[in-house]
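First the structure, in the form of structure tokens, and then the observations on it.
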Amino acid sequence: MAIYLFKRISSSIVVLLGVSLLLFLLIYLAPSDPARIIAAQRLGGDVPGADEIEWVRKEYGLDQPLLVQYVSWLGRTVRGDLGYSIRTGNPVADELRHAVGYSLALAAAAMGLVLVIAIPAGVLAGMHEGSVWDRVMRFVSATWVSIPEFWLAFLLIACFSIQLRWLPSYGAKSWRHFILPVLSLGLISAARLAYLIRSAVLEELHQDYMRTARGKSYSYRMSVIRHALPNIVAPFVTMAAYQFSGLASGSVIIETLFAWPGVGSYYVDGIGFRDIPVIQVTALFFASVFMLANCLADVVIVIVDPRVRVE
Amino acid sequence: MNVRGWRRWTQRNPISATGIVLALGLIVVCLLAPILAPGDPTAIDLTTGLQSPSFAHWLGTDELGRDVLSRVLWAGRLSISTMAVVLISCVAVGAVVGVVSGYLGGLIDNVAMRIADFFHAVPQLVLALALIGVLGPGTGSLIAALIVTGWVRYARLVRSLVLSEQNSEYIVAVQAIGATHTRIILRHLLPSVTGPMLVQVSLDSGATILAIAGLSFIGLGIQPPTPEWGKMLVDARPYLGSAPHLVLPPGLAIFVLVFGFNSLSAGLEHLLRPGNNTISNEMTKK
Numbered sequence: 001m002a003i004y005l006f007k008r009i010s011s012s013i014v015v016l017l018g019v020s021l022l023l024f025l026l027i028y029l030a031p032s033d034p035a036r037i038i039a040a041q042r043l044g045g046d047v048p049g050a051d052e053i054e055w056v057r058k059e060y061g062l063d064q065p066l067l068v069q070y071v072s073w074l075g076r077t078v079r080g081d082l083g084y085s086i087r088t089g090n091p092v093a094d095e096l097r098h099a100v101g102y103s104l105a106l107a108a109a110a111m112g113l114v115l116v117i118a119i120p121a122g123v124l125a126g127m128h129e130g131s132v133w134d135r136v137m138r139f140v141s142a143t144w145v146s147i148p149e150f151w152l153a154f155l156l157i158a159c160f161s162i163q164l165r166w167l168p169s170y171g172a173k174s175w176r177h178f179i180l181p182v183l184s185l186g187l188i189s190a191a192r193l194a195y196l197i198r199s200a201v202l203e204e205l206h207q208d209y210m211r212t213a214r215g216k217s218y219s220y221r222m223s224v225i226r227h228a229l230p231n232i233v234a235p236f237v238t239m240a241a242y243q244f245s246g247l248a249s250g251s252v253i254i255e256t257l258f259a260w261p262g263v264g265s266y267y268v269d270g271i272g273f274r275d276i277p278v279i280q281v282t283a284l285f286f287a288s289v290f291m292l293a294n295c296l297a298d299v300v301i302v303i304v305d306p307r308v309r310v311e
Numbered sequence: 001m002n003v004r005g006w007r008r009w010t011q012r013n014p015i016s017a018t019g020i021v022l023a024l025g026l027i028v029v030c031l032l033a034p035i036l037a038p039g040d041p042t043a044i045d046l047t048t049g050l051q052s053p054s055f056a057h058w059l060g061t062d063e064l065g066r067d068v069l070s071r072v073l074w075a076g077r078l079s080i081s082t083m084a085v086v087l088i089s090c091v092a093v094g095a096v097v098g099v100v101s102g103y104l105g106g107l108i109d110n111v112a113m114r115i116a117d118f119f120h121a122v123p124q125l126v127l128a129l130a131l132i133g134v135l136g137p138g139t140g141s142l143i144a145a146l147i148v149t150g151w152v153r154y155a156r157l158v159r160s161l162v163l164s165e166q167n168s169e170y171i172v173a174v175q176a177i178g179a180t181h182t183r184i185i186l187r188h189l190l191p192s193v194t195g196p197m198l199v200q201v202s203l204d205s206g207a208t209i210l211a212i213a214g215l216s217f218i219g220l221g222i223q224p225p226t227p228e229w230g231k232m233l234v235d236a237r238p239y240l241g242s243a244p245h246l247v248l249p250p251g252l253a254i255f256v257l258v259f260g261f262n263s264l265s266a267g268l269e270h271l272l273r274p275g276n277n278t279i280s281n282e283m284t285k286k
């Protein structure tokens, strides 16, 4: 098991290094000289002169060979020195740390909502295949996954903020500010996860061990709870981790829409201003969260499912 | 094509079948926007701003007096053609990389799949946004970003299908009669992967429509004054409570298209399942 974990973690680190190289090389895709962009932004819109561009090139190390630049950038990033935002001039590390708290709170609340809805809905639908409840659930999840989350957010705002005046439509000051972003983010993910859980349950119900359990005169409900559900824990953890990553990218749009001061809206602000240090670091942050969620899921699976250990 | 199987599936899933027909209708109507649109989608007339639906303007007008129906149709035409360009390019790049990688194996396969891993490690929207951030927002950047981040799925899918087909008897047989690599790839391997590819393409069609609308919604996709569904929604925000005719049509249009494509992919997958279930294996692995 230790060897498996070691392999899993080291391969994630290799992939993360690859992603960092990808993001580092991104600046060189820019249609113009990065030194010119940085110089222009430092001057606040004025056209930079040749010496200013040269100064920026030296100051930011842009005259060094690519590999040297990458290694020094990576070294600084790993040590927590994430550079300075071109737009605000503040350290990116501080701004990001401030935003992460807001995003984590939002993601945790949304994930909670997803699990509370999806687990019972999916398990019940799978247990009673073809019943009215199953058909309603399938219809709802098939339609909900096709709704754009920003449109759902607008409909919720129109209903609860504008017509009923119950909830605020932007900002992050109190618990009431959480409700609409969490619903917009969570309801669609919940529909998707519920459908996947239903399929996983159905697959287990057709296994031989279920017939044996029924043969031992276990009731249907007991045999599902005691035998089928433990077996879907492993696929469920993978699916839930995947949904969590989905929430991370969904949060980019939803945070912008609700003016939520999290990582997603920080990212979009950085992109609007072509704030390259912010873009690189934030994208790397998203990639790390994504990797971490998948890694944790794999660790949990090794713990709950002995079959994986044998492989 | 298995016509009887398809008919049985549509009878058993009437809602999905309706969704496919509606989406098809919407696509046709949108592509015919130059003929069908009643007005100019960008013509501003402040004297007729924010009108409710009427006979002159079936879906009313927006805050600048532009005809909403015309805007919805033209926006659809643009979204659908953008999506087509993105997906055709993704499939082409992915198929080439996947076939070469799976068929030749060895170092090329290793390098290609490690690169694919790097792209796969970042959520698509996040990576696409990073690219747009560097290239600057616009239709060209949007298309480039979606292609650069989208080919990976196809490369992986095609590679896994090629690997599973490669040792089957019919491939060994054509190798034995001395067919060239190119002939084996073009005549035998590629045709065998089209089914699962179609399922993935129709699933991604919906996802791409959502991505285009979402990126334009946050101002980083298609730029004004070109009409676009996501952009139309943002512009409608100040009138959320007072002008539902600005909020409902673009959102409904996105929903109908995405639902249609999702249903189509479910139907295609159902048809493919008895003989060949590689696609469902690939999808659960993700």
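Protein chains in written order, with the working numbering: chain A, 1 to 311; chain B, 1 to 286.
From the three backbone atoms N, C-alpha and C, an ideal C-beta is built for every residue, glycine too.
As the structure is a prediction and not an experimental result, all values here were calculated from the model.
Under 7 Å by beta carbon: chain B residues contacting residue i
i                      : result
residue 267 of chain A : 129
residue 249 of chain A : 123, 125 and 126
Pairwise C-alpha distance: residue j and residue i
i                      : j                      : result
residue 115 of chain A : residue 190 of chain A : 7 Å
residue 230 of chain A : residue 241 of chain A : 18 Å
residue 24 of chain B  : residue 31 of chain B  : 11 Å
residue 252 of chain B : residue 173 of chain B : 52 Å
residue 286 of chain B : residue 243 of chain A : Because the pLDDT of residue 286 of chain B is 35, which lies under 50, any placement of that residue in the model is unreliable, and the question is left without a value.
residue 91 of chain B  : residue 28 of chain A  : 26 Å
Candidates the options: closest to residue i by CA position
i                      : options                       : result
residue 33 of chain B  : B/79, B/245 and B/85          : B/79
residue 192 of chain A : A/107, A/256 and A/138        : A/138
residue 41 of chain B  : B/232, B/145 and B/97         : B/232
residue 246 of chain A : A/159, A/52 and A/111         : A/111
residue 206 of chain B : B/140, B/255 and B/85         : B/255
residue 234 of chain A : A/256, A/305 and A/282        : A/305
residue 242 of chain B : A/300, A/263, A/159 and A/223 : A/159
residue 236 of chain A : A/199, A/96 and A/263         : A/199
residue 129 of chain B : A/272, A/91, A/296 and A/95   : A/272
residue 101 of chain A : A/265, A/279 and A/294        : A/265
residue 153 of chain A : A/268, A/256, A/19 and A/30   : A/256
residue 194 of chain A : A/239, A/253, A/72 and A/300  : A/239
Contacting residues, own chain, Cβ-Cβ under 7 Å from residue i (five flanking each side not counted)
i                      : result
residue 185 of chain B : 99 and 103
residue 129 of chain A : 202
residue 298 of chain A : 8
residue 16 of chain A  : 287, 288 and 291
residue 167 of chain A : 160, 161, 176, 179 and 180
residue 198 of chain B : 268
residue 23 of chain A  : 280, 283 and 284
Residues that residue i contacts on chain A, provided the C-beta gap is smaller than 9 Å
i                      : result
residue 254 of chain B : 146, 147, 148 and 151
residue 94 of chain B  : The contacting residues do not exist; residue 94 of chain B stays about 18 Å from chain A at best.
Within chain A, partners of residue i - CB distance below 7 Å
i                      : result
residue 218 of chain B : 253, 256 and 268
residue 55 of chain B  : Going along chain A, no residue has its Cβ under 7 Å from residue 55 of chain B, so there is no contact; the nearest lies around 26 Å.
Same chain, Cβ closer than 6 Å to residue i, five either side skipped, listed in chain order
i                      : result
residue 112 of chain B : 97 and 101
residue 195 of chain B : 272
residue 36 of chain A  : 53
Cβ neighbours of residue i in the same chain (closer than 8 Å, five flanking residues each side left out)
i                      : result
residue 245 of chain B : 52, 53, 59, 60 and 68
residue 157 of chain A : 169 and 180
residue 307 of chain A : none
residue 84 of chain A  : 90, 91, 92 and 277
Listed by chain order, chain B residues near residue i by CB distance under 8 Å
i                      : result
residue 23 of chain A  : 130
residue 163 of chain A : 241
For residue i, three-class secondary structure by DSSP
i                      : result
residue 84 of chain A  : strand
residue 226 of chain B : coil
residue 148 of chain A : coil
residue 48 of chain B  : helix
residue 280 of chain B : Low confidence applies to residue 280 of chain B: its pLDDT is 44, below 50, so where it sits in the model is not reliable enough to give any reading.
residue 208 of chain A : helix
residue 230 of chain A : helix
residue 91 of chain A  : strand
residue 269 of chain A : helix
residue 61 of chain B  : strand
residue 67 of chain B  : strand
residue 1 of chain A   : coil
residue 81 of chain B  : helix
residue 199 of chain A : helix
residue 218 of chain A : coil
residue 64 of chain A  : coil
Contact set between residue i and chain A, taken where Cβ atoms lie within less than 8 Å
i                      : result
residue 117 of chain B : 15 and 18
residue 262 of chain B : 142, 145 and 146
residue 207 of chain B : Those do not exist, as residue 207 of chain B stays about 10 Å from chain A at its closest Cβ, beyond 8 Å.
residue 267 of chain B : Going along chain A, no residue has its Cβ under 8 Å from residue 267 of chain B, so there is no contact; the nearest lies around 12 Å.
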